[in-house]
Amino acid sequence: MKMYKLFICTLLLGLLISCGDDTKDPNQLFNLTITNAKKSFKVEDAVAISVSPKKDKTIESVAYTLNGEAVTLTNNELSLAGQRMGVHTLGATITSDGETYSLSKEFTITATQTPKLYTYKILESYPHDMGAYTQGLEFENDTLYESTGQKKKSTLRKTNYQTGEVLVNKKLGDQYFGEGLTILNDKIYQLTWQENTGFIYNLADMEETGTFVYNKSNEGWGLCNDGTTIYKSDGTQRIWTLNNNTLSEEDFIEIYTNQSKIDKVNELEWVEGMIYANIYQKDAIAMVNPASGAVEGVINMKGLQDEVTQHSQLDVLNGIAYKGELNILYVTGKNWDKLFKIEVVEK
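Printed below as a string of structure tokens:
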């Protein structure tokens, strides 16, 4: 008898779940369709959208959002003009028989143009500490500041770039793995990798004055600034903009070429209105539009690592510094014994 009652209860419960869910699940009641769906869209495209009922439902009204912001369709099409690169979420709120239902679809926007290709010419080379696992590199006038990584070895440095002499060397706590740095308003900002902590220093004496945390990403990789806003990479395809007061992550762009996303975005440098980004484990520097995330150019850095002393600890290209000289960059890598002054040349 007990087994019979258990069977009846299970059967009734199953019927209730299978019937009840259908009446509330919007995907069982309506279709939200991107009728011109494709692998990716461009900003000059429009997304054609259709909402249709199932199961004899009636649609009284539909309101649309893009990434949570209300948008208006024209002839059932959503213009993508002015949108950023990356994955976007289209939302539809449907009113039917006095109730509301929400559906969503994702689509991707990639860059319109193929990135311009560049190469480089070595103009000069300077000594660089082979023991420096370079994570961040930035000039303040003629002085080069550098952040280095690795647990128990991470530092913040002030250097003479022409001689390689380390003028000031501040060691981080053994628990920290140093990452990128940037200098803004007489302050130095330095990231750590997975410790969710950034450090703030006075530029004049390099004394620590405070810390900040990452509120929306798990890791710290690279930093740069445009004179007003600080940008932060986190090892994905995202570059974040930070709040000027709290340094919390507020917004982001996603980095895409005309074909695909570029992840493992690492050390950053602001160069003439663009973000130049090392791509981890790639012999390349991406030139990124800071407004849209489109990769507008790529510098092929292949062969530069062959110009340094080859040794067991030698690691990848990382470190871009700009000193205001048109088409000139200063670059190095992790445990490289040279810093290079290069000219960027379009192919």
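Residue numbers (numbering that gives the first Met the number 0): 0 to 346. Even for Gly, the Cβ is constructed at its ideal location relative to N, Cα and C.
Item: Beta-carbon spacing of L28, K104 below 7 Å; Value: no
Item: Buried/exposed call for H356, threshold 16 Cβ in 10 Å; Value: Limits of the chain in this structure are 0 at one end and 346 at the other, which puts residue 356 out of reach.
Item: Cβ-based burial, T111 [other Cβ within 10 Å; buried from 16]; Value: exposed
Item: Contacting residues, own chain, Cβ-Cβ under 7 Å from N326 (five flanking each side not counted); Value: E342 and V343
Item: Inter-residue spacing [alpha-carbon to alpha-carbon] between T227 and N243; Value: 8 Å
Item: Rounded straight-line distance, which links the Cα of D141 to that of E324; Value: 12 Å
Item: At least 3 beta-carbon pairs within less than 8 Å: the stretch 212-221 vs the stretch 184-200; Value: yes
Item: Cross-strand partners of V348 (DSSP beta bridge); Value: This structure cannot speak to residue 348, because the chain is shown only from 0 to 346.
Item: Residue environment, A69, which counts as buried when at least 16 other CB atoms sit within 10 Å; Value: exposed
Item: Beta-carbon contacts of P52 that lie in its chain and below 6 Å, excluding the five residues immediately before and after; Value: F29 and I58
Item: According to DSSP, residues forming a beta bridge with P52; Value: F29
Item: Cβ neighbour criterion (16 or more within 10 Å) applied to E306; Value: exposed
Item: Local conformation of E342 per DSSP, three classes; Value: strand
Item: Whole-Å CB distance - V167 paired with M129, under 8 Å assumed; Value: V167 to M129, Cβ: 19 Å. No contact.
Item: Own chain partners of T235 with C-beta closer than 6 Å, once the 5 adjacent residues on each side are dropped; Value: D262
Item: F176 and G148 closer than 7 Å at C-beta; Value: yes
Item: Among D24, S232 and N66, the one whose alpha carbon lies nearest that of T99; Value: D24
Item: H87 - partner residues in DSSP beta bridges; Value: F106
Item: Proximity to V297 [Cα-Cα], best of T113, D44 and S291; Value: T113
Item: Coil, strand or helix - K23 by DSSP; Value: helix
Item: As assigned by DSSP and simplified to three states, the class of D185; Value: coil
Item: Straight-line Cα distance separating K301 from E268; Value: 19 Å
Item: Local conformation of Q149 per DSSP, three classes; Value: coil
Item: Candidates L79, G81 and V50: closest to I93 by CA position; Value: V50
Item: Supposed close pair T240, Y255 - CB separation, criterion 8 Å; Value: About 17 Å; that fails the 8 Å criterion.
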